[in-house]
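Please read the structure below before turning to the comments.
2 protein chains.
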Amino acid sequence: MAKEKLLMTPGPTMIPSSVLEIMSRQIIHHRTAAFEATYKGVEEDLKLLYQTKNMVLMFASSGTGAMESAVANLFCPGDKVLVVSIGSFGERFGEICKVYGLDVVKLSYEWGEAADVNQIKDILDNDIKKEIRAIFITHNETSTGVTNDIEAVGKLTKGTDRLLIIDAISSMGGLELKTDEWGLDVVVTGSQKGLMCPPGLAYASVSDKAWAACERSTLPKFYFDYKKFKKGFLGQGQNPPFTPAVSLILGQAEALRIMKEEGFQNVYDRHRKLALATQAGVMAMGLELFATKEISSFIITAVKAPEGIEIGKVIKTMNQKYDIIVAGGQKHLKGKIFRIGHCGYVDRFDLMRGFSALELALSENGYKVEPGVGIAAVQKSLAE
Amino acid sequence: MAKEKLLMTPGPTMIPSSVLEIMSRQIIHHRTAAFEATYKGVEEDLKLLYQTKNMVLMFASSGTGAMESAVANLFCPGDKVLVVSIGSFGERFGEICKVYGLDVVKLSYEWGEAADVNQIKDILDNDIKKEIRAIFITHNETSTGVTNDIEAVGKLTKGTDRLLIIDAISSMGGLELKTDEWGLDVVVTGSQKGLMCPPGLAYASVSDKAWAACERSTLPKFYFDYKKFKKGFLGQGQNPPFTPAVSLILGQAEALRIMKEEGFQNVYDRHRKLALATQAGVMAMGLELFATKEISSFIITAVKAPEGIEIGKVIKTMNQKYDIIVAGGQKHLKGKIFRIGHCGYVDRFDLMRGFSALELALSENGYKVEPGVGIAAVQKSLAE
């Protein structure tokens with residue numbers, strides 16, 4: 282017997298059964314009052330989650346589509362922007378900006394580090410002509426398990442002419458983000474991580490400052506055109522300009538209902554506690570965190586592969602023998618780290634299952650570990 | 282008691298229950314052998330359906346995203362293209378081309394007419410310098426219920442340097458399209474019409490000639506970048522570059538299995554018979570087809586609103602009282618036509634239900650119709 286796979290990955294994450302059930306109902310038409318009410322409800326709930334009064338646009342796409350939307354909608358060719366990169370997804374923002382012909386100032390960090398806000402400040406301060414129109418930065422870098430201090434970056438741009446664009450694809454729903462208070466102009470995320478839905482939906486909040494930038498922008502866009510979403514279908518508002526991913530929207534409505542029922546603050550607390558327990562568990566097993574504890578993500582924990590152990594085999598054992606999926610490292614980190622996701626629909630007992638399997642898989646692949654030492658540390662941490 | 286709504290709309294269309302069931306299973310991870318096999322299988326089945334050896338790229342988006350992809354991937358600013366428009370979706374192709382700075386030659390027809398292939402030929406013949414690089418044309422125009430003769434258009438471009446780009450969003454799976462034999466360079470479609478899935482997936486086949494155009498193209502694109510899909514995730518092929526809409530792909534695999542089981546030719550025959558029966562039914566009720574019979578679509582039948590009858594009220598009665606959704610007219614056709622979809626997961630008994638409701642709703646809104654006359658004509662037509 283094999284149980285269904287437990288995904289402890291950076292996404293997709295596990296889906297609550299009531300969400301799955303709703304998506305299994307017969308399809309409904311999107312140009313109807315019933316669907317429009319649900320659609321509007323999802324946007325309202327997303328605004329609560331985002332802590333914003335801004336519109337939150339909903340695209341049928343994965344998160345990268347929403348990242349691209351922020352570039353295509355707000356800028357003109359040759360615009361200078363600052364892209365802060367601490368890993369794979371920061372790199373992606375930079376690539377998109379280059380594809381669209383922006384003049385990219387890149388501030389890159391070693392993978393495993395967080396952005397130094399003072400360095401960002403210095404770059405802005407030295408930009409005397411105020412040519413830098415925007416900062417692009419990742420909230421939670423899933424490739425390295427590191428979280429950036431977005432509140433601090435917000436202080437540099439709030440109330441200025443500069444835009445702040447946040448990739449919150451893996452953080453939204455797991456880490457608190459105060460969109461309006463921190464002055465975040467565009468915040469993009471996706472359905473398949475903290476938002477407990479299948480992949481296929483992406484969201485973008487748009488501030489007044491960002492809407493003004495849309496008016497100036499000359500870059501081509503159509504499917505992701507913010508102004509089309511503001512206008513709505515046939516200019517009547519309410520409804521998206523293009524056929525939405527109906528079943529996923531209905532699932533998202535239910536997932537947001539579950540999150541509201543728990544309370545967003547409780548959701549964040551749960552993520553924090555699970556992350557600290559994961560850190561305690563891996564350290565008790567003699568493993569090392571990839572990033573320092575201070576910047577380690579509450580969404581996903583990156584762990585150094587122990588010396589002499591083929592971590593790819595450990596990951597394979599966990600999947601094939603124990604039906605638990607954790608992620609390896611990407612690009613130059615392949616073979617050097619593994620990543621345990623604890624994001625979205627995850628509770629303490631999922632961690633127990635995960636750590637039980639991790640102990641077994643490590644042990645079976647040559648790493649000496651006392652049975653139970655990881656799990657016990659997780660249990661202990663959660664009791665604190 | 283209200284039964285679940287029967288969608289007789291141009292999309293979304295009804296979903297088979299086995300497709301719904303598969304989408305209700307717990308999510309699986311997309312970077313796994315199990316998902317990759319399904320993903321590859323969907324592409325292979327799409328190739329059979331498309332009748333092509335070309336790659337068929339799969340996007341998490343609605344059909345408009347795939348339409349945009351054809352513009353952004355194949356052209357440079359200022360390129361001259363011919364856009365043939367017979368309705369709302371032909372207009373959309375033109376708008377996208379303009380947004381991307383193409384030099385658009387527009388050949389427009391009255392809504393309700395089909396494109397005249399001789400006029401297309403004349404335009405190409407008069408383009409002595411061969412500046413026109415491509416033709417954009419809609420296969421089945423859902424806004425008017427008219428089908429264009431794509432085979433004939435293909436004869437004008439096959440074996441030449443010109444590209445032929447087809448919007449087959451509403452036709453694929455309902456009307457036969459011989460992608461390779463007819464020389465179609467990019468054919469875009471979506472999951473939510475003939476393909477019997479929820480909205481959220483879009484597809485594009487890409488010919489060798491189109492791949493060559495990609496190499497030349499300088500327009501910006503990222504999320505829909507064909508070359509990224511050819512390369513695959515981290516350059517390893519097989520898997521999409523960005524997180525796919527996992528649950529929808531699994532649903533699409535099952536829907537394609539059902540279509541193959543019926544046999545694609547039988548699927549097309551069913552659509553044709555249902556369309557002819559629909560035409561017979563409305564005419565027996567004294568209603569008029571919007572387009573001439575020769576060009577009337579086998580996917581969706583557009584019918585003129587009878588004089589003196591508020592067709593919006595008829596549509597509302599069908600929805601609210603009889604739980605059957607048909608579509609009204611778009612833009613200047615609003616109030617002047619209604620459209621009965623018979624696309625995808627539809628059989629003769631759905632038509633019976635639909636015509637029964639249509640007779641009732643028309644009658645209740647002031648149109649005199651002998652009870653049973655429409656249904657009997659449908660039944661008779663299907664018996665032929």
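From first to last, the protein sequence lines stand for chains A and B. Residues in the first sequence are numbered from 282 upward in steps of one, following my numbering. Residues in the second sequence are numbered from 282 upward in steps of one, following my numbering. Each residue gets a CB set at the ideal place from its N, CA and C atoms; glycine is no exception.
- Out of Leu288(B), Glu496(B), Pro525(B), the CA that lies nearest to the CA of Leu482(B) is found in Pro525(B).
- The CB of His310(B) comes closer than 8 Å to the CB of Lys286, Leu288, Thr290, Pro293, Ile606 in chain A, given here in chain order.
- Spanning the alpha carbons of Pro652(A) and Thr428(A) requires a straight line of approximately 31 Å.
- Within the model, the alpha-carbon separation for Ser644(B) versus Cys478(B) is close to 34 Å.
- Residues are counted here when their Cβ sits less than 9 Å from a Cβ of chain A; for the region 372-397 of chain B these are Arg373, Glu376, Ile377, Val380, Tyr381, Gly382, given in chain order.
- Excluding the 5 residues flanking it on each side, Ala493(A) has no same chain C-beta neighbour closer than 7 Å.
- Segment contact: the region 459-471 of chain B against the region 554-567 of chain B, fewer than three CB-CB distances shorter than 8 Å; contact not assigned.
- Per DSSP, the unbroken beta strand (DSSP E) holding Gly471(A) starts and ends at 467-471.
- Every beta strand (DSSP E) stretch that sits fully inside the region 395-483 of chain B and reaches 3 residues is listed by chain position as 413-419, 444-448, 467-471.
- Put simply, the CB of Val323(A) is far from chain B, with every gap to its CB atoms at 8 Å or more.
- As a beta-bridge residue in DSSP terms, Gly609(B) pairs with Phe619(B).
- No residue range can be given for Ser342(B), since it is assigned to no alpha helix (DSSP H) and is classified by DSSP as neither H nor E.
- Beta-bridge partners assigned by DSSP to Val386(A): Leu363(A).
- Bridge partners of Thr582(A) according to DSSP: Ile621(A).
- By the rule that beta-carbons nearer than 8 Å mark a contact, Gln473(A) touches chain B.
- Secondary structure of Ala526(B) (DSSP, three-state): coil.
- The region 320-340 of chain B and the region 534-546 of chain B touch, with three or more beta-carbon pairs separated by less than 8 Å.
- Looking from the CA of Tyr390(B), the closest CA among Thr425(B), Leu570(B), Cys378(B), Leu632(B) belongs to Thr425(B).
- For Glu422(A), same chain residues with a beta-carbon under 7 Å away, outside a window of 5 residues either side, are Ile367, Gly368, Phe370, Gly371 in chain order.
- The continuous alpha helix (DSSP H) containing Asp550(B) extends over residues 545-565.
- Put simply, the backbone Cα of His310(A) is about 16 Å away from that of Phe619(B).
- DSSP places Ala572(A) outside any alpha helix (DSSP H), giving it a letter other than H or E.
- Ser451(B) and Leu458(B) do not touch by the CB rule: their CB atoms are close to 12 Å apart, not below 8 Å.
- When DSSP reads this structure, Val659(B) sits in no beta bridge, so it has no partner.
- Scanning Glu412(A), Ala415(A), Ala433(A) for the CA closest to the CA of Asp397(A) turns up Ala433(A).
- Leu363(A) is a Cβ neighbour of Ile413(A), given a cutoff of 8 Å.
- Every beta strand (DSSP E) of 3 residues or more that sits fully in the region 309-358 of chain A is shown, in chain order, as 336-341.
- Only buried fits Glu640(B), as 16 or more other CB atoms lie within 10 angstroms of its CB.
- If you draw a straight line from the Cα of Thr313(B) to the Cα of Cys495(A), it is about 39 Å long.
- By the criterion of a C-beta distance shorter than 8 Å, Met336(A) is surrounded in its chain by Glu324, Ser486, Val487, Phe510, Lys511, once the five residues flanking it on both sides are discounted.
- Residue environment analysis places Pro358(B) among the exposed positions, since fewer than 16 neighbouring C-beta atoms fall within 10 angstroms of its C-beta.
- Cβ contact annotation for Tyr504(A) (same chain, cutoff 7 Å, sequence separation greater than five): Phe523, in chain order.
- Of the residues Met295(A), Val300(A), Ala315(A), the one whose Cα lies closest to the Cα of Gln601(B) is Ala315(A).
- In the DSSP assignment, Ala638(A) falls within the alpha helix (DSSP H) that extends over 629-645.
- Inclusion of Gly532(B) and Thr290(B) in the CB contact set at 8 Å is not warranted, their separation being larger than that value.
- Ser486(B) is bridged by DSSP to Val337(B), Val468(B).
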